[in-house]
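Undergrad: After the structure tokens below, expect a handful of questions from me.
Number of protein chains: 2
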Amino acid sequence: MSTTLPARTPEPPYYAVIFTSLRTEGDHGYGRTADRMVELAGQQPGFLGIESARDPGGLGITVSYWESEDAIRAWREQAEHRVAQEAGKRLWYEDFQLRVARVERAHGKRPNPTA
Amino acid sequence: MSTTLPARTPEPPYYAVIFTSLRTEGDHGYGRTADRMVELAGQQPGFLGIESARDPGGLGITVSYWESEDAIRAWREQAEHRVAQEAGKRLWYEDFQLRVARVERAHGKRPNPTA
Numbered sequence: 001m002s003t004t005l006p007a008r009t010p011e012p013p014y015y016a017v018i019f020t021s022l023r024t025e026g027d028h029g030y031g032r033t034a035d036r037m038v039e040l041a042g043q044q045p046g047f048l049g050i051e052s053a054r055d056p057g058g059l060g061i062t063v064s065y066w067e068s069e070d071a072i073r074a075w076r077e078q079a080e081h082r083v084a085q086e087a088g089k090r091l092w093y094e095d096f097q098l099r100v101a102r103v104e105r106a107h108g109k110r111p112n113p114t115a
Numbered sequence: 001m002s003t004t005l006p007a008r009t010p011e012p013p014y015y016a017v018i019f020t021s022l023r024t025e026g027d028h029g030y031g032r033t034a035d036r037m038v039e040l041a042g043q044q045p046g047f048l049g050i051e052s053a054r055d056p057g058g059l060g061i062t063v064s065y066w067e068s069e070d071a072i073r074a075w076r077e078q079a080e081h082r083v084a085q086e087a088g089k090r091l092w093y094e095d096f097q098l099r100v101a102r103v104e105r106a107h108g109k110r111p112n113p114t115a
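Chains D and E, in that order, are what the protein sequence lines are. The working numbering puts the first residue of the first sequence at 1, with every later residue one more than the last. The working numbering puts the first residue of the second sequence at 1, with every later residue one more than the last.
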């Protein structure tokens, strides 16, 4: 799973889930599930955007943006996502860190749409 | 510039700078400066860690972690870093977003060191 542009998020405050991971060897269904999770996340209430990058054979970082902590909680508890989280711990990730953060301010080369 | 492991950060709260970027074509001194900035950031007071990944030919995400907003401010104003920021806007980045966020909670596959 990869994204091609910085996410166009509204004016802060909003929330970010920073997921940093190191993959195990082999796919084991990872690619298909990752694509499906991006699709599903985009259908969740309060979803604002997602950014993802992975160095070839190295660290991956996915940041998803959300309107509120409640929206993040609902996404974490979503049934299909929970199954994927379990498979992630068991099969796909050698190591990971997940951080929930409140975005306080933001700027960019191109202006973001007004909230 | 790339990192190979999720950063080992202390217990929240702490701060994250999420820098998402799309590179222009060609190097134009980018690689050397990026390595130097990681080295310099690591010498700044309040620096906690850094994670970075770039898809081949695509989006890059660098997340640096800091003890406080003051530490982030001091790093932003650091003289050599300011020169790099200007070159970034002018030469290296087709597009970018920079977000400052307060990390509220974190967990991982491997336990972090206690703060």
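Every residue, glycine too, gets a C-beta built ideally from N, C-alpha and C. These numbers come from a predicted model, not from an experiment.
Could you tell me the alpha carbon to alpha carbon distance between F19/D and A106/E, rounded to whole angstroms?
TA: Your numbering for residue 19/D matches position 19 in the first sequence. Your numbering for residue 106/E matches position 106 in the second sequence. Straight-line Cα distance between these residues: approximately 10 Å.
Undergrad: Would you mind working out which of G60/E, Y14/E and Q43/E sits nearest E184/E, comparing C-alpha positions?
TA: Residue 184/E lies beyond the range of chain E shown here (1 to 115); nothing can be said about it.
Undergrad: In the DSSP assignment, the alpha helix (DSSP H) including G31/D goes from what residue to what residue?
TA: Here residue 31/D refers to the residue found at position 31 of the first sequence. That run of the alpha helix (DSSP H) goes Y30 to A41.
Undergrad: Compare the Cα-Cα distances from Y30/E to each of R99/E, G108/E, E104/E and Q85/E and report the closest residue.
TA: Taking the first residue of the second sequence as position 1, residue 30/E is located at position 30. Selected option, being the one with the closest Cα: Q85/E.
Undergrad: At least one CB of chain B closer than 8 Å to the CB of E51/D: is that the case?
TA: No chain B is present in this structure, whose protein chains are D and E.
Undergrad: Would you call the CB atoms of P49/D and Y65/D closer than 8 Å?
TA: For this step, residue 49/D is matched to residue 49 along the first sequence. For this step, residue 65/D is matched to residue 65 along the first sequence. Note on identity: in this sequence residue 49/D is Gly, with Pro being the wrong assignment. Cβ distance < 8 Å, so G49/D and Y65/D count as in contact.
Undergrad: Using a Cβ-Cβ cut-off of 6 Å (strictly less than) and excluding sequence neighbours within five positions of G46/E, which residues of its own chain qualify?
TA: The residue you call residue 46/E lines up with position 46 of the second sequence. The answer, listed in chain order, is W66, E67, S68 and A71.
Undergrad: Could you round the C-beta distance between V17/D and V100/D to whole angstroms and report it? I think they count as a contact, below 8 Å.
TA: Looking up residue 17/D in the first sequence gives position 17. Looking up residue 100/D in the first sequence gives position 100. Contact holds; Cβ gap of about 6 Å.
Undergrad: So, helix, strand or coil for D95/D, using DSSP?
TA: Within the first sequence, the letter at position 95 stands for residue 95/D. If DSSP states are grouped into helix, strand and coil, D95/D belongs with the strands.
Undergrad: Applying a beta-carbon distance threshold of less than 7 Å, which residues of chain D neighbour A101/E?
TA: Locating residue 101/E in the second sequence gives position 101, where the first residue counts as 1. Result: A16, A101, R102, V103 and E104.
Undergrad: Do the region 87-103 of chain E and the region 4-16 of chain D touch if we need at least three Cβ pairs shorter than 8 Å?
TA: With a cut-off of 8 Å, the region 4-16 of chain D and the region 87-103 of chain E count as touching, because enough Cβ pairs lie within range.
Undergrad: Kindly indicate if chain D contains any beta-carbon less than 8 Å away from that of G108/E.
TA: Counted from its first residue, the second sequence places residue 108/E at position 108. It does; some Cβ of chain D falls within 8 Å.
Undergrad: Relative to chain E, which residues along the region 70-88 of chain D have a C-beta separation below 8 Å, given in chain order?
TA: Those would be none; no residue qualifies.
Undergrad: Taking R54/D as the query, report the chain E residues whose CB atoms sit under 9 Å from its CB, ordered along the chain.
TA: On the first sequence, residue 54/D is found 54 positions in, with the first residue counted as 1. Neighbours of R54/D on chain E, chain order: A53, R54 and D55.
Undergrad: Just the Cα atoms here: how many angstroms apart are R23/D and D95/D?
TA: For this step, residue 23/D is matched to residue 23 along the first sequence. For this step, residue 95/D is matched to residue 95 along the first sequence. Using only the alpha carbons, I get a separation of about 7 Å.
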